[in-house]
Amino acid sequence: MTTLAVRAEQLTVSYRHGRGVVGLELDVPGGEVFGFLGPNGAGKTTTIRTMLDLLRPTSGRIEVLGLDSHADTIEVRARTGYLPGDLALPERLTGQEVLDWSASLRPGRPPRRRDELVERFGAELHRPVRQLSRGNRQKLGLVMAFQHDPELVVLDEPTSGLDPLVQDEFQRMLRDQVAQGRSTFLSSHSLDEVQRVADRVGIVREGRLVTVETVEALRERGLRRVTATVADGQGERAVALLGAVAAVTELGRDGDVVSFAVGGAFAPVLAALSGVEVVDLLSRSADLDEVFLALYRGDVPTGERR
Amino acid sequence: MRAPVLARAIGDRRRSMLWWSVGVAAYVVLIVAVYPSVRDASGMEELLDQYPESLRAMMGIGDIDLGSGAGYLAAELFGFMVPLFVVILAVGGGADAVAGAEERGALDLLLSHPVARRAVMLQHGAVVALQSLTLGLVVTFVLLVAEPVVDLDLSFVNLVGTVLGVVLLGVLFGWTALALGAALGSKGLALGVSSALVAAAYVAATLPELVDGLEPLRWVSPYWYGTGGTPIASGPTWWYALVLAGAAVTVLAAGIAAFTRRDLAR
């Protein structure tokens, strides 16, 4: 078996203010894009900063590329690239100087991908950082994280501030990384974004890992929100039919408009709806909070961590 | 030797260092330029002799002959102002180096590179030392140039010893601020505590000149080891420099130990 990109064993990180991470167990295979998904304050950044030895485990441990995050930190950092969530670049330096500075801190690892990356993202190299927009700073941060062609890149909310075109380029690049056998660990609070780029998704909430699933599986069990408008007077009948379908939850009716959530296969829903005259049918993917609720339902003992 | 942290810090401070050097050089030139008129003014010495002893003590001149070049410089430069310039620069730079970077959020990015926290501390410590040394060299250079012109009649050894004491005083307090900032993660706290220590050291060195029986107090004051005994006139006490260097190394080591053990703020 190849080395895991990241492995957490009973990792607990607590600090004075704010939530940490509690008993995190995580195996991230190499050569994939792993999406670390959770709402703000769930412990994503804490986990990432512990990987880089910026924080220390209170108990348990986390390994990066088979190396201990603390004991082997210099080697871990030599072989990874990192984009912080709050990117604070040296304001007075130009983009070029920032990239040179970063390279100077990585002896023996020339920034051989720099030119290609600068071109891909259209990074601005000749103006001082203080004159750059948030998106342009983020581009520099991405080039910095990738320019030395590390085995693992750790990205904390990488697409914040990027315009859609650059986001597309970013997604293509992550696919290239996988093709090269490189690993990517990326945190996000956006289910949509993670679904687009990741092979596997770990969902965290309140410092605990809820589940790890492939994006396929997530999509299959993926919660959909459906709103069906039926012909006059058929609302009640639609509710009765849908109520018999196991995958349907949160069923509600407002006149002829029936709304519900579907947490599974769609076919039985359509079969049920064929019993009424459907005027309009709208289906959209549930947002992250709704997915969490679905994953949590009956899943987590109540009264814990309140 | 590769020292990317040091290189970056020097690059960042190049301009401010230039202006500090110009300012300090101008101050020294001004003081030296006034010397001939002070020396030749009749009654000047008598006037200074009439100063209360406490005032003379606070000027750092005790019972030195103010009419001599060395005595004049002891009072006007090395008793208070030059140490003050060096210490302010060192404490400001030391407090900002790690704690300031941490507060700006810049430390995360730096320490995500394969550079050890100890190396960051050592390189920033070297920057603080270089800044103090630069001001020391500026003062030395100006005085060496001015010496024959205004006939200060200085001893080269005494001058070097005096400047060394001041530079080491700056290194000690600069490293104190660096260590406090690295240990506490707060630039404001590092500045505040370091400044309080500087003030306490000054008082502990000066008070024994004013009050009988307090002499033991000066032996705990870095300020005394850095400037005590008017070395420009009476000659340096070389082991004072060792005391300062030893204290500085101890403080920096403690700062490294604390910094490598703690979590970084975001």
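The listed protein sequences correspond, in order, to chains A and B.
Just so you know, this note's numbering puts 187 at position 178 of the first sequence, and the rest follows in order with no gaps.
Just so you know, this note's numbering puts 237 at position 256 of the second sequence, and the rest follows in order with no gaps.
Built from N, CA and C at the ideal position, the CB exists for glycine as well.
None of the values given here were measured: they were computed from a predicted structure.
query	result
Stretch pair the stretch 239 to 246 of chain A + the stretch 194 to 213 of chain A: three plus CB contacts closer than 8 angstroms	no
Residue 152 of chain B and residue 202 of chain B closer than 8 angstroms at C-beta	no
Burial state of residue 123 of chain A, where buried means 16 or more other Cβ atoms lie within 10 Å	buried
Under 9 angstroms from the C-beta of residue 37 of chain B: neighbouring residues of chain A	The contacting residues do not exist; residue 37 of chain B stays about 46 angstroms from chain A at best.
Opposing strand residues paired with residue 70 of chain A [DSSP bridges]	A:18
Residue 186 of chain A versus residue 162 of chain A - alpha carbon distance	9 angstroms
CB contact below 8 angstroms: residue 71 of chain A versus chain B	no
Sequence-distant residues of its chain with Cβ nearer than 8 angstroms to residue 2 of chain B (five each side left out)	115, 116 and 119
Separation of residue 292 of chain A from residue 232 of chain A, as counted between CA atoms	10 angstroms
Alpha-carbon spacing of residue 313 of chain A relative to residue 52 of chain A, whole angstroms	Residue confidence is low: residue 313 of chain A scores 32 on pLDDT, short of 50, so the model does not pin down where it sits. Its coordinate-derived value is still stated next. Distance between the alpha carbons of residue 313 of chain A and residue 52 of chain A: 17 angstroms.
CA nearest to the CA of residue 196 of chain A, picked from A:168, A:189, A:188 and A:184	A:168
Cutoff 7 angstroms; reference residue 12 of chain B; Cβ partners in own chain excluding five residues on either side	57 and 58
Chain B contact for residue 97 of chain A (CB, 8 angstroms cutoff)	yes
C-beta contact flag for residue 97 of chain A and residue 86 of chain B at 8 angstroms	yes
For residue 215 of chain A, three-class secondary structure by DSSP	coil
Local conformation of residue 16 of chain B per DSSP, three classes	helix
Residue 288 of chain A - containing beta strand (DSSP E), residue span	287 to 294
Residue 86 of chain A: contacting residues in chain B (beta-carbon distance under 7 angstroms)	93, 94 and 95
Residue 111 of chain B to residue 183 of chain B span [Cα, whole Å]	23 angstroms
Under 8 angstroms (Cβ pairs) to chain B, residues found in the stretch 112 to 141 of chain A	113, 114, 115 and 116
Secondary structure of residue 0 of chain B, DSSP reduced to three states	helix
Cβ neighbours of residue 204 of chain A in the same chain (closer than 6 angstroms, five flanking residues each side left out)	224
C-alpha gap between residue 19 of chain A and residue 59 of chain A, whole angstroms	13 angstroms
Inter-residue spacing [alpha-carbon to alpha-carbon] between residue 281 of chain A and residue 227 of chain A	24 angstroms
Beta-carbon contacts of residue 218 of chain A that lie in its chain and below 8 angstroms, excluding the five residues immediately before and after	33, 34, 35, 211 and 212
Cβ-based burial, residue 119 of chain A [other Cβ within 10 Å; buried from 16]	exposed
Extent of the continuous beta strand (DSSP E) run through residue 64 of chain A	Where residue 64 of chain A is concerned, there is no enclosing beta strand (DSSP E), given that its DSSP letter is neither H nor E.
CB contact check: residue 189 of chain B to chain A, cutoff 8 angstroms	no
Where residue 268 of chain A sits in the DSSP three-state scheme	strand
Interface flag, residue 90 of chain B vs chain A, CB-CB below 8 angstroms	yes
Backbone CA spacing between residue 50 of chain A and residue 62 of chain A [nearest angstrom]	19 angstroms
Residues in the stretch -17 to -6 of chain B having any Cβ partner in chain A nearer than 9 angstroms	-17, -15, -14, -12, -11, -8 and -7
Test: residue 87 of chain B CB closer than 8 angstroms to a CB of chain A	yes
Residue 132 of chain B versus residue 54 of chain B - alpha carbon distance	12 angstroms
For residue 77 of chain A, three-class secondary structure by DSSP	strand
Alpha-carbon to alpha-carbon, residue 156 of chain A and residue 138 of chain A	18 angstroms
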